[in-house]
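**Student:** My questions will all concern the structure given below.
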Amino acid sequence: MINKLPIFPLNTVLFPGMPLHLHIFENRYKLMMQQILLHEPVFGVALIRRGNESLGAVPEPHLVGTTARVTHVEPLEDGRMNISAIGEKRIQIEEQYHDYPYLIADVQEYNVDFHRPLDIYRRLRSLRKQVEYYLRTLDRMDTMEIDLSQIDMPDDPLTFLFLSASLLQIPSPEKQPILTAPSALEICLAVERLYRRENAVLRDLLPITADHARNLAMWN
């Protein structure tokens with residue numbers, strides 16, 4: 010089923026089930042939010058493929074994104090607002106319309122194929138270890154932007170995969186193929202590859218970090 014939806018191109022990849030916090034200050038997006046809040050508070054989020062997030066022409070989005078449902082609005086002066094939203098469903102952008110100051114598109118839900126479940130659960134066991142090592146190491150290096158005590162690893166496979174992808178401290182364009190992957194197994198393999206790569210980098214950095222700490226201690 011195809012629906013029309015306002016699209017917010019951003020420099021971030023929003024995954025289903027993940028939170029999104031935005032400061033709305035541009036007139037076009039203030040108008041967009043005013044419109045959706047009058048009806049159903051849902052819009053699409055898509056990573057910018059070409060262009061700038063703010064000011065200038067509406068940027069060109071990637072064609073796979075995620076619907077976001079507004080959960081909280083904090084009104085500010087001059088029509089500005091802070092909003093909180095939660096990612097819901099993957100969408101495929103079919104056609105784009107530029108009749109408004111913001112982008113409108115025909116979108117279709119892009120479901121995740123969950124074939125080969127035994128292979129998925131087998132890979133998930135390995136991935137959990139990679140994610141745990143990654144988070145512990147970043148916490149040890151004091152580079153985590155997230156409070157680990159607030160992270161509860163879910164049992165649901167897709168929720169876990171999307172949370173794992175969201176937690177990776179890598180450029181957004183590297184996350185887009187995860188969102189685009191058609192099946193849960195392909196998502197799992199893509200996420201695991203990235204964690205193995207990032208963990209290998211962290212293992213190389215840890216001795217340097219430890220030596221640096223010892224050197225600092227000698228001078229104090």
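Sequential numbering of the sequence shown, starting at 10, is according to my numbering.
For glycine and all other residues, C-beta sits at the position ideal for the given N, C-alpha and C.
Please read these numbers as outputs of a predicted model, since none were measured by experiment.
If you follow the beta strand (DSSP E) that Ser-192 is part of, which residue opens it and which one closes it?
**Tutor:** It is not in any beta strand (DSSP E) - Ser-192 carries neither H nor E in the DSSP assignment.
**Student:** Would you kindly report the start and end of the unbroken alpha helix (DSSP H) that includes Ile-129?
**Tutor:** From DSSP, the alpha helix (DSSP H) with Ile-129 extends over 126-149.
**Student:** Measuring straight from C-alpha to C-alpha, what distance separates Tyr-119 and Gly-65?
**Tutor:** Approximately 30 angstroms between the Cα atoms of the pair.
**Student:** Please state the DSSP three-state secondary structure of Leu-14.
**Tutor:** Here Leu-14 sits in strand by DSSP.
**Student:** Between the Cα of Glu-86 and the Cα atoms of Glu-35, Val-67 and Cys-197, which residue gives the shortest distance?
**Tutor:** Checked all of Glu-35, Val-67 and Cys-197; the closest Cα to Glu-86 is Glu-35.
**Student:** Ordered along the chain, which non-local residues of its own chain (more than five positions away) have a Cβ less than 8 angstroms from that of Glu-69?
**Tutor:** These residues qualify, in order along the chain: Pro-18, Ile-57, Arg-58, Arg-59 and Gly-60.
**Student:** Secondary structure at Leu-225, three-state DSSP: helix, strand or coil?
**Tutor:** Residue confidence for Leu-225 is low, a pLDDT of 39 falling below 50, so the modelled location carries little weight and cannot support an answer.
**Student:** Provide the residue(s) that pair with Tyr-106 in DSSP beta bridges, ordered along the chain.
**Tutor:** Its beta-bridge partners are Ile-113.
**Student:** According to DSSP, Asp-122 sits in a beta bridge with which residue or residues?
**Tutor:** DSSP output for Asp-122 lists Ser-192 as bridge partner(s).
**Student:** Contact defined as beta carbons within less than 8 angstroms: I believe Phe-171 pairs with Phe-24. What is the distance between those atoms, to the nearest angstrom?
**Tutor:** With a Cβ gap of about 4 angstroms, Phe-171 and Phe-24 count as contacting.
**Student:** Check whether the region 135-154 touches the region 201-215, taking contact to mean three or more Cβ pairs, one atom from each stretch, closer than 8 angstroms.
**Tutor:** Segments in contact, yes.
**Student:** From Lys-39, Asp-148, His-124 and Leu-72, pick the residue whose C-alpha is nearest to that of Ser-192; which is it?
**Tutor:** Checking every option, the nearest Cα to that of Ser-192 belongs to His-124.
**Student:** Take the Cβ of Ile-100 as the centre, count every other Cβ of all protein chains shown within 10 Å, and call the residue buried at 16 or more, exposed below.
**Tutor:** Answer is buried; the Cβ neighbour count reaches 16.
**Student:** Return the residue from the list Met-162, Pro-126, Thr-146 and Met-150 that minimises the CA-CA distance to Ile-8.
**Tutor:** Residue 8 falls outside the range modelled here, since the chain spans only 10 to 229, and no answer is possible.
**Student:** Along the beta strand (DSSP E) that carries Ile-45, what are the first and last residues, could you check?
**Tutor:** That residue, Ile-45, is in no beta strand (DSSP E); its alpha helix (DSSP H) goes 36-47.
**Student:** Closest to Leu-29 by CA distance: which of Ile-11, Pro-84, Pro-166 and Gly-96 is it?
**Tutor:** Nearest C-alpha to Leu-29: Gly-96.
**Student:** Nearest chain C C-beta to Leu-112 closer than 8 angstroms, yes or no?
**Tutor:** Annotation note: the requested chain C is absent from the structure, which comprises a single protein chain.
**Student:** Tell me the DSSP secondary structure of Leu-56 in three-state form.
**Tutor:** Reduced to three states, the DSSP call for Leu-56 is strand.
**Student:** What does the alpha-carbon distance come out to for the pair Asn-208 and Leu-47?
**Tutor:** If you take the alpha carbons of Asn-208 and Leu-47, they lie about 46 angstroms apart.
**Student:** So the candidates are Met-162, His-107 and Pro-186; which of them puts its Cα closest to the Cα of Leu-14?
**Tutor:** It is His-107 whose Cα lies nearest to the Cα of Leu-14.
**Student:** If you drop the 5 nearest sequence neighbours on each side, which residues of the same chain put their C-beta closer than 6 angstroms to that of His-32?
**Tutor:** So the list reads Asn-91, once near-sequence residues are dropped.
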